[in-house]
Structures are given as structure tokens and as C-alpha cells.
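Inspection log for the structure reproduced underneath, given as C-alpha cells.
Protein chains in written order, with the working numbering: chain A, 2 to 263; chain B, 153 to 397.
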């Protein structure tokens, strides 16, 4: 599967191959989203006649994943910094956040953001898509925080000492030395979290977002044909996670200066 | 040779209950090569690390080039920019190329434009005999080559003084010489150097002063001829004997 989408000439450098894979996978993802309805429409009923519904649901699923994925990585970085901070209240806040988000079901979090927050304050009323994105971002952010914290802690102390002894201030030490190394270490678990996020976005179904699972479910209710509907749904998820893994794999290769990956 | 660049005045340092520096007072002069030797755990590396605040001293005063070593961040960053340090474990940045390792601090701290920083970095790499390795990553270099890059990286900041913390202790024997040769060349160029090492040959040949550390104190501070020649101190004689074999 790894090589399937990266048929680049052997003469290309690691960076070139990695960039090419990232670019081609991103293009592939856009093409899938754009044209998905066409191949689906060739399928027999109940898939063919509902092709557009599946295609729209897929687009919503990808949008949910991208929006909450980006927000979740930013939240993860902030919470990880909070957890390793020297300022005690920041450590408390970050630990509390991670504790609550990891210790309660995502489904409860989605329902809470959508139904409970508006009752606490009317300004917290959100549309379904926004509410789902917020809950997913907060949830994945907590898991990302732990991945990034592990990365930060894995950077040897000597690296920071070397940077500081050169006169780099704390900001440049973090940006130029600590973070790039921590991010490389955190990348595999981060990818894990994002793949999980793509699948968990199906919980947005419960507050009425018509994402891929919801679309499949609707088709099943009208056609009463569960087998082809859910096989199609599952295959689309599988295609999406495969493309995503392809991109993250290329990112990992880009950072692999030591050639540890075969 | 006489104006003190670094003054250490009654410095104490504790690690928990261990009293690792006991009322240490000395000074290091411009252009001088001071070699610090002593058994492991005697406090020699700790003293070196207090000079640029990698370790915080508990009492006493340290003044480097007119700047007192305190917790003031701005002052500390300015001080560290003037004090180069070379570590036992090299501590090169593994995600950057050799050239980027050398260019990073001048670009960030001195705000040197890229072309100028690169030109200077290439000169320094040539000086340590590594100009053909500029685009490699540290993992692709031998220990001796990595340590020479680390020296070039520290020199890129044009420091007033260079601290060496056991720079050859992590190296295979055949690579020690190439690093010592670079250090000797640096000493001859007039650089102020403070070197913690077990290399007695280097100490004797290059050192202007030998400081012998024992249990957190400077037990002796003497020119190399006196130190290695007619050594009166029984304990130091035994130490030199052990190291030489």
C-alpha cells in the first residue's frame, strides 16, 4: 500500500519523493471529493440513485476532520506546553483539560456542546457542524497534547543546553531546536489520533450533521438494504484513511534525515 | 595576559546534600588557556557550567566580561552569546545540516543576513577541516567530525571565551587527535579557553595554567612545568600517574 501511490523515480531525493507524495495525495483527495458522485452513480441501486448523498456526506466528513484536525493540533501544542510549563496554574489548566476530555465519552462531549452549552449561555449556541467541530477538536486536542508532550520530553536536555549556550533565547530554542525534534517524535501518534478523528467524526450524526455515516443511514432507511449501503460507507472511510496515511507517511519521510525508514 | 575576563568569587554549589563547589575563587585572563583536571565528581565540570549559567550557583559571584551571572534573562542571553561552549556529547542539532548548525545562532542572535552567515560558516568549517561536509546531517559524521562541527558552531558567535567540557571523552581514541589539533590551533590564535579534560598531553603542551580540582576546591593552580614537573603534592602525583597509564 505504501508504494502504490508513490511510484517516483529512484533518482529523486528523499525530499522530492516526499513532496511529490504529499502533493499527489492532496490532489487525489480533492479529486475524490469532487468526482466521487460519478463512479458511485454507476453502481446499482440503492447506491447509484443516492450517489450525490454519499458524495455530500463524504465531503462533510472530510471537512469535519480537516477543521477539527487543524484546531486539535493547535490545541494539542498549547495543552502540551501548558503541561510542561513552569507556571503551576498553567499546568493545572492543561492537566484538567486533558483529564476531562480523555475521561469522558466523545459522544457525551458532542451532545454537551450542542445541547448543554446554549442553556448555560445563549451566545454558546452553535450550528450542528460548528458544534461537532468544536467537540471533536477539543477531544482530539487532549490526545494530541499527550503525544506532543511525550515528544517534548524525549528531546535530550543537551539539545536545549547547546541552544541556550549559543545565546538563543527561549523562543528560538523552542522554535528552532526543541519543537522540530519533538514534532518528529510525536508524528506517528498524532497521525493515529487524526485517523481516529476521521472515524469519530461519525458521532456528529447524533446532532444531525449529515456526514458520511448519516448519509448511509438515511439511504438504508429508505432502501432497507443494509449490506450494500454499509459496505459502501465503510469503503469510502477506508479510501479516506488510506489517502490520509499516505500524506502523513510522506511527512514522516520528510523528517527522516537519518534514513531510518526503509 | 593579565586582565581578568572571568572572575569567580567564593562560589558555592550544592546538589541536594552534596557540596560540589566549596568557596571556589579564581579568575581567568584574556588570551589564557586554563586546563582544569581532577577526578570525576570533583566539581570541575560543574564550575565550567556555572560560568554560563547552565548550572546555577548557590552563593558567591561570577562576573564574565563585566556581566554578572544572574537570573536576568536578557543579560544571560547576552552573556551566553559571548561564551562559547563545547560539550562532551557534541549536542549538534540532528535535524539540521552541518551548515545550518553553524549558521543558526549568528542568524537568530546576531541577526546576521543569510549570505553573510553562510560565508562565515563555510570559512569556519574549512578551518576545522570539514568544508566538504557542509550539507550532511550530524548522524552521517564520525564523533571526531561532529565535535569539530560543534567547535565551529560555537566559534560562529565569535565568543570572547570558549569553554570545553571534556570534549574528547566520548570519542574513540583515533579521533581524539583531530579534535585536539583543532583546539591547539585555536589556542595559538589567541582564544581564551577553559578546558576540562583528562588529556594530560594537551594540558602540558597548550595550557598556560593547570587547575587541579579536588572535592569541590581548587587544590592547586600552577603553570604546567611546575604542575607536571616537580609535583610536591602526593595526591596529585598519584592522580597524574593514574591518568598517564
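Just so it is clear, CB atoms sit at the ideal spot from N, CA and C, and this is done for glycine as well.
As the structure is a prediction and not an experimental result, all values here were calculated from the model.
Segment contact: the segment 245-258 of chain B against the segment 298-314 of chain B, three or more CB-CB distances shorter than 8 Å; contact assigned.
Per DSSP, the continuous alpha helix (DSSP H) segment holding residue 183 of chain A begins and ends at 180-201.
In this structure, the alpha-carbon of residue 371 of chain B lies about 22 Å from that of residue 207 of chain B. Within the segment 110-129 of chain A, contact with chain B at the beta-carbon level (separation under 7 Å) is assigned to no residue.
When C-beta distances to chain B are compared with 8 Å, the residues of the segment 160-172 of chain A below that value are 160, 162, 163, 164, 165, 166, 167, 168, 169, 170, 171, in chain order. In the DSSP assignment, residue 364 of chain B falls within the unbroken beta strand (DSSP E) covering 361-366. Across the segment 260-283 of chain B, CB contacts with chain A closer than 9 Å involve 260, 261, 262, in sequence order along the chain. Taking C-beta separations shorter than 6 Å and ignoring five residues to either side along the sequence, the partners of residue 215 of chain A in its chain run 206, following chain order. Membership of residue 179 of chain B in the beta strand (DSSP E) is indicated by the continuous run 170-181. In the three-state reduction of the DSSP assignment, residue 168 of chain A falls in the coil class, being assigned neither a helical nor a strand state. If you compare the alpha carbons of A:149, A:55, A:50, A:49 with that of residue 83 of chain A, the shortest gap goes to A:149. Each residue's CA atom was taken as its position, placing residue 188 of chain A and residue 387 of chain B some 54 Å apart. A residue is called buried once 16 or more other Cβ atoms fall within 10 Å of its Cβ, and residue 137 of chain A is buried on that count. Nearest CB-CB separation between residue 309 of chain B and chain A: below the 8 Å threshold. A contact between stretches requires three or more CB pairs, one per stretch, nearer than 8 Å, and the segment 129-146 of chain A meets this requirement with the segment 71-78 of chain A.
Within chain A, no C-beta atom comes less than 9 Å from the C-beta of residue 287 of chain B; the nearest is roughly 11 Å away.
Assignment of beta-bridge partners to residue 213 of chain B by DSSP yields B:161.
Residues of chain A with a Cβ closer than 9 Å to the Cβ of residue 312 of chain B do not exist, since the nearest Cβ in that chain sits about 12 Å away.
Counting only runs of at least 4 residues, the segment 102-154 of chain A fully encloses the following alpha helix (DSSP H) elements, listed from N- to C-terminal order: 107-112, 118-121. By the criterion of a C-beta distance shorter than 8 Å, residue 351 of chain B is surrounded in its chain by 320, 328, 332, once the five residues flanking it on both sides are discounted. With three or more CB-CB distances shorter than 8 Å, the segment 228-247 of chain B counts as touching the segment 176-183 of chain A. Residue 181 of chain A has a beta carbon lying within less than 8 Å of a beta carbon in chain B. With respect to the 8 Å criterion, residue 285 of chain B and residue 276 of chain B are not classified as neighbours on the basis of their beta carbons. Close partners of residue 233 of chain B in chain A (Cβ separation under 8 Å): 167, 168.
Apart from the 5 residues on each side of it in sequence, residue 156 of chain A sits with its Cβ closer than 7 Å to the Cβ of 179, 182, 183 in its chain, given in chain order. Residues 163, 164, 165, 173, 202, 221 of the same chain have their beta carbon placed closer than 8 Å to that of residue 209 of chain B, with the five preceding and five following residues left out of the count. For residue 223 of chain A, the enclosing alpha helix (DSSP H) starts and ends at 213-224.
Residue 236 of chain B sits in a strand when the DSSP states are folded into three classes. Taking 8 Å as the CB threshold, residue 259 of chain A lines the interface with chain B. Taking 8 Å as the cut-off between beta carbons, the residues of the segment 193-204 of chain B near chain A are 204, in sequence order. Considered as a whole, the segment 295-377 of chain B harbours 295-307, 325-340, 352-358 as its complete alpha helix (DSSP H) runs of no fewer than 4 residues, in chain order.
Non-local C-beta neighbours of residue 174 of chain A in its own chain, meaning closer than 8 Å and more than five positions away in sequence, comprise 161, 164, 165, ordered along the chain.
Neighbours of residue 229 of chain B in chain A, taken as residues at a C-beta separation under 7 Å, are given in chain order as 168, 170.
The beta carbons of residue 230 of chain A and residue 220 of chain A sit closer together than 8 Å.
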